[in-house]
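Working notes, beginning with the structure itself.
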Amino acid sequence: MRRILDIPVEGILPSETAILGQQGVPPTASSLEPLLAVSRLGREDMAAHFLGRGILVQVSVTEFSTQYKGCGGNDSRTPLGEIFPRAEALFLFAVTCGEAVTVRIAEHFADNDYPLAAALDAAASLAADQAAQWVQDLVEAELSMAGIRYSPGYCGWHISGQEALFAKLKPEAIGLRLTDSFLMDPLKSVSGVIVFGPPEIHRFRDDYSFCAECADHECRGRIASLNSRIDWET
Amino acid sequence: MELLEQIADQLEKGQAATVAQLTTEAISAEIPAAEILNGGLIAGMDLVGEKFRKHEVFLPHVLLAAKAMHAGMELIKPLLMRDGVRRVGKAVLGTVRGDQHDIGKNLVGIMLEGAGFEVLDLGTDVAPERFVEAALAGGATVIGMSALLTTTMPVMREVIELINERELRGRLRTVIGGAPVTEDYAREIGADAYAFDGVSAVDRIRDLVAGGPGLLGGP
């Protein structure tokens, strides 16, 4: 079943400190007040223009196997490739902050208000990710199970995988389309698959060939977060 | 504190309204526009750039300063044109074909203008031919390319190959950047320089415009 979701802005909006963090400002930095003031404006602008929508479809392991293969560009060994065959439930998803936010960022640049443009851009990136988390939380609550989400373009899943994902999700219904280079339009959007299953399937070491080029190793945080939300078998 | 120093100081602090007010005072005092530009506005951007390099300030501080720079520039731009003041150099910027990400490229453009360059911003999804044609038509000597996807990075190589095919190497120099781009990749595809952020892009482009060797050891 394909579900279309309206994502409330409450709980999605990042904090002013998080907006600064997204722009590389550590919380310990000095002279933060003028920066926090701009972040506050960016946050308010985000609240006024966010039109969050999401789309969600459950697929079988067999069906996802074809979708994951996509155009055949994936790395030969990936965490997702090894995890999804053991999943108990798989949900394809896409979320977007909406077109108005993207337009607003461009307007601020055109008005030479660079600090506000960058603050809104940072806020929108965080909000898109938080919107994906909102959808994940929703399914987790329904299934009483914790999951981890993966997106094309990361962790060895080739970005061309977006094509198969979009063919199934048909997210045009929420104003989201795919460009020829597999980018989402509006840009401030997130898509992927949420994988649910026994805790042990989610454990992996980040020593795949592509992990060396990864700057943030976000997977460690996600696995650790999962760790705190479920009872791991020891 | 002298007026130009005050402009630089207030610009570094990101005080756009004060910079505009002081710039107006400097114009009224008949300080030549080129001096206001170099001794006030660019000097202020250099101050904030230096602090950024030392991690004493961060990107939003630099953007506040750039906004203040713009407030002052708007006032002296007509005077610079009247006086025939030449800019430090001219660069074409764009995000390569197939890529829509533009914040990094926009930030590089802002920093370059703050450093006294003239910038021709071609926007996003820019085809290789358009980079080269725009640079030639606009008299730019540097092409700056941004890509945020591993799938669009190869377009940078296409631009450099086109420059080579048309025997424009040396006349048009290239600098590349973007999240997945590395200095090794820049060397591999024959780019003149790699920049990892807006401030380093200004440094690299300054070097290239001054005839510096770049990654390839020469123009």
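Protein sequences appear in the order of chains A and B. Sequential numbering from 1052 applies to the first sequence in our numbering. Sequential numbering from 692 applies to the second sequence in our numbering. Backbone N, C-alpha and C define an ideal beta-carbon position, used for all residues, glycine too.
Per DSSP, M847/B lies in no beta strand (DSSP E); the unbroken alpha helix (DSSP H) holding it starts and ends at P845 to E856.
Under the three-state reduction of DSSP output, D1057/A falls in the strand class. V1076/A is positioned such that its CB atom lies no closer than 9 Å to that of P1166/A. Residue A707/B holds the alpha-carbon nearest to the alpha-carbon of A762/B among T841/B, V846/B, A707/B and E856/B. Close partners of P723/B in chain A (Cβ separation under 7 Å) are lacking, with about 24 Å as the shortest Cβ gap.
Neighbours of A757/B in chain A, taken as residues at a C-beta separation under 7 Å, are given in chain order as Y1165. Fewer than three Cβ pairs drawn from the region 802 to 814 of chain B and the region 1168 to 1187 of chain A lie within less than 8 Å of each other, which leaves the two stretches out of contact. The C-alpha of R773/B lies about 42 Å from the C-alpha of I1070/A. Beta-bridge partners of Y885/B (DSSP): I867/B.
Secondary structure of F1233/A (DSSP, three-state): coil.
Here A1080/A carries a coil assignment [DSSP, helix/strand/coil]. By the Cβ criterion, the region 1137 to 1149 of chain A is in contact with the region 1244 to 1253 of chain A, since at least three pairs of Cβ atoms, one from each stretch, lie closer than 8 Å.
A Cβ-Cβ distance of about 5 Å is found for the pair I834/B and A826/B, placing them in contact under the 8 Å criterion. Against G789/B, the close residues of chain A are D1231 and S1232, in the order they occur along the chain (beta-carbon pairs closer than 7 Å). With a threshold of 16 other beta carbon atoms within 10 Å, R788/B meets it and is buried. DSSP, reduced to helix, strand and coil, places G1212/A within a helical segment of the structure shown. Cβ neighbours of S1240/A within its own chain (closer than 8 Å, five residues either side excluded): A1145, V1146, T1147, C1148, A1179 and L1227.
The three-state reading of DSSP puts K1120/A in helix, counting H, G and I together. When Cβ pairs closer than 8 Å are counted between the two stretches, the region 1052 to 1061 of chain A is seen to touch the region 1103 to 1123 of chain A, the count reaching three or more. In the three-state DSSP reduction, S1260/A falls in the helix class (H, G or I).
The C-beta of L1086/A comes closer than 9 Å to at least one C-beta of chain B.
In terms of beta-carbon proximity, G705/B lines the interface with chain A, with at least one pair separated by less than 9 Å. L738/B is not a Cβ neighbour of L713/B, given a cutoff of 9 Å. Residue nearest to P769/B within the set D894/B, V799/B and A724/B is A724/B (criterion: CA-CA distance). Burial state of S1242/A is buried, judged by a 10 Å Cβ sphere holding 16 or more other Cβ atoms. Restricting attention to alpha helix (DSSP H) runs no shorter than 4 residues, the region 719 to 752 of chain B encloses them at 734 to 744, ordered along the chain.
With contacts defined as CB atoms closer than 9 Å, L750/B and D875/B fail to qualify as a contacting pair. With respect to G1123/A, E1214/A sits apart: the two C-beta atoms are not nearer than 9 Å.
Under the three-state reduction of DSSP, L798/B is assigned to helix. Interface annotation for the region 1097 to 1124 of chain A against chain B: empty, criterion Cβ-Cβ distance under 7 Å. With respect to chain B, the C-beta atom of A1178/A has no partner C-beta closer than 9 Å.
Using a Cβ distance threshold of 9 Å, L732/B and G805/B count as a contacting pair.
Judged by beta-carbon spacing, V799/B lies beyond the 9 Å limit of L813/B, meaning their Cβ atoms are not closer than that value. Residue M844/B holds the alpha-carbon nearest to the alpha-carbon of T873/B among I854/B, M844/B and D894/B.
For T1068/A, the enclosing alpha helix (DSSP H) begins and ends at E1067 to Q1073. Among the residues of the region 725 to 759 of chain B, those with a Cβ less than 8 Å away from any Cβ of chain A are V748, F749, L750, P751, H752, L754, L755, A757 and K758, in the order of the chain.
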